[in-house]
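See structure below.
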Amino acid sequence: MKEAVRIQQEDFSQDEEIRALQASSKRIGGIATFLGCARDFSEGREVSEISFDAYGSMALSELEKLRNDAIEKYGLLDARIVHRIGTVKGGENIVFIAAGAEHRVAALEACRWMIDELKQRVPIWKKEITPQGEAWVTPHP
Amino acid sequence: MIKVLFFGPVAERIGHHALQVEHRPGIRLQDVRDELAAQYPQAFEIVCFAAANGEHVRDMSLPLADNSEVAFMAKFSGG
């Protein structure tokens, strides 16, 4: 089975991640997921692809801490986080987060918390590649 | 030596992904930052975070051991 936290170039399967989460515990009563995708339009410009750079070892360790923190904070039964790096084309998947809990509220809140925290503390940067040129993305709140 | 890493927009402004700074007794993270910021002011304009040996560091007075790995980073934009 694939690791629960991964950084990888290749695309991922949401179904596979959800199956892995479900397989971790039969006590799970609710799974909340977040899928981040590459938009093909940003700041009034067409975006053909997005290129990611990461401080790989630190990003992975921060994602692992983030998952552990979420499990503890929300009493999750399990959680999974997969983030792509390299080049991602418009419409493709970037990040997938899944939180499994006994009840829906913990799963939904934990999922929202994990994507918000990921943006604050995981050293990954995205650059939008447009027909007019390339630009590093300024973080959105 | 201290290995200094740069990523994304900071690496682009510096023109390198890594540099080395000579280690000296008592050197602190702030000293490395000051030294490099003087050489690469445009890159350090966008530096918001620092890390030492793969961990976030908020206290820039952290003393650095020889062979430390540090990073000066712009705001993150993953996700």
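One line per chain: the protein sequences are R and L, in this order.
Mind the numbering: the first sequence is residues 1 to 141 in the working numbering, read in order.
Mind the numbering: the second sequence is residues 1 to 79 in the working numbering, read in order.
We put the beta carbon where it would ideally sit given N, CA and C, even for glycine.
Where residue i meets chain R, residues with beta-carbon distance less than 9 Å
| i | result |
| --- | --- |
| Pro41 of chain L | Under the 9 Å cutoff, chain R gives no residues; its nearest Cβ is about 18 Å from Pro41 of chain L. |
| Ala71 of chain L | Tyr55, Met58, Pro123 |
Counted within 10 angstroms of its Cβ, other Cβ atoms place residue i as buried (16 or more) or exposed
| i | result |
| --- | --- |
| Phe7 of chain L | buried |
| Asp78 of chain R | buried |
| Phe41 of chain R | exposed |
| Glu134 of chain R | exposed |
| Gly105 of chain R | Going by the sequence as given, residue 105 of chain R is Val instead of Gly. Val105 of chain R should be labelled exposed. |
| Gly44 of chain R | exposed |
| Ser68 of chain L | buried |
| Pro123 of chain R | buried |
| His83 of chain R | buried |
| Cys111 of chain R | buried |
| Gly75 of chain R | exposed |
| Phe67 of chain R | Here residue 67 of chain R is Arg; the residue named in the question, Phe, does not match the sequence. Counting Cβ neighbours within 10 Å, Arg67 of chain R comes out buried, since at least 16 surround it. |
| Ala70 of chain R | buried |
Own chain, CB closer than 6 Å to residue i, minus 5 neighbours either side, in chain order
| i | result |
| --- | --- |
| Ala4 of chain R | Arg80 |
| Glu49 of chain R | Thr87, Lys89, Ile129 |
| Ala99 of chain R | Ala32, Leu76, Ala79, Ala107, Ala110, Cys111 |
Which listed residue (the options) has its alpha carbon closest to that of residue i
| i | options | result |
| --- | --- | --- |
| Gln8 of chain R | R:Ile28, R:Ala20, R:Gly29, R:Asp53 | R:Asp53 |
| Glu117 of chain R | R:Ser48, R:Arg84, R:Lys2, R:Ile97 | R:Ile97 |
| Gly15 of chain L | L:Ser77, L:Asp31, L:Met1, L:Gln42 | L:Gln42 |
| Trp125 of chain R | R:Trp136, R:Asn93, R:Pro131 | R:Trp136 |
| Lys73 of chain R | R:Phe34, R:Glu62, R:Met114 | R:Met114 |
| Arg171 of chain R | R:Ala107, R:Met1, R:Lys127 | With chain R covering 1 to 141 only, the question about residue 171 of chain R has no answer from this structure. |
| Ser77 of chain L | R:Ser51, R:Ser24, R:Ile18 | R:Ser51 |
| Val57 of chain L | L:Arg33, L:Asp66, L:Tyr40, L:Arg24 | L:Arg33 |
| Ser61 of chain R | L:Asp59, L:Gly54, L:Val21, L:Leu29 | L:Gly54 |
Proximal chain R residues relative to residue i, where beta-carbon distance stays under 8 Å
| i | result |
| --- | --- |
| Ser77 of chain L | Lys119, Ile124, Trp125, Lys126, Trp136, Val137, Thr138, Pro139 |
| Phe7 of chain L | Asp53, Ala54, Tyr55, Pro123, Trp125 |
| Ala51 of chain L | Tyr55, Met58, Pro123 |
| Ala74 of chain L | Trp125, Trp136 |
Per-residue contacts from residue i into chain R (C-beta, under 7 Å)
| i | result |
| --- | --- |
| Ala37 of chain L | Those within 7 Å of Ala37 of chain L in chain R number zero; the least Cβ separation is about 19 Å. |
Chain-order list of residues whose beta-carbon lies under 7 Å from that of residue i (same chain, five-residue window excluded)
| i | result |
| --- | --- |
| Pro9 of chain L | Ile46, Ala74 |
Same chain, Cβ closer than 8 Å to residue i, five either side skipped, listed in chain order
| i | result |
| --- | --- |
| Gly26 of chain L | Pro63 |
| Ile85 of chain R | Ile7, Gln8, Gln9, Phe52, Asp53, Ala54, Gly56, Ile124 |
Contact set between residue i and chain L, taken where Cβ atoms lie within less than 8 Å
| i | result |
| --- | --- |
| Glu95 of chain R | This sequence places Val at residue 95 of chain R; Glu is not what is there. Those within 8 Å of Val95 of chain R in chain L are Gly78, Gly79. |
| Ile115 of chain R | Gly79 |
| His83 of chain R | Gly78, Gly79 |
Neighbouring residues, chain L, relative to residue i (Cβ below 9 Å)
| i | result |
| --- | --- |
| Ser61 of chain R | Gly54, Glu55 |
| Gly133 of chain R | What Gly133 of chain R touches in chain L: nothing, since even the nearest Cβ is about 13 Å away. |
Contacts of residue i in chain L (Cβ-Cβ under 7 Å)
| i | result |
| --- | --- |
| Gly36 of chain R | Gly79 |
Checklist entry - Taking only runs of the beta strand (DSSP E) that begin and end inside the region 67-104 of chain R, which ones reach a length of at least 3 residues, in chain order? => result 78-84, 86-89, 93-101
Next on the checklist: To test your reading of the DSSP string, which unbroken beta strand (DSSP E) runs of 3 or more residues are found completely within the region 105-132 of chain R?
Outcome noted: 124-130
Checklist entry - Could you give the uninterrupted runs of the alpha helix (DSSP H) lying entirely in the region 36-64 of chain L, keeping only those of 4 residues or more? => result 41-44
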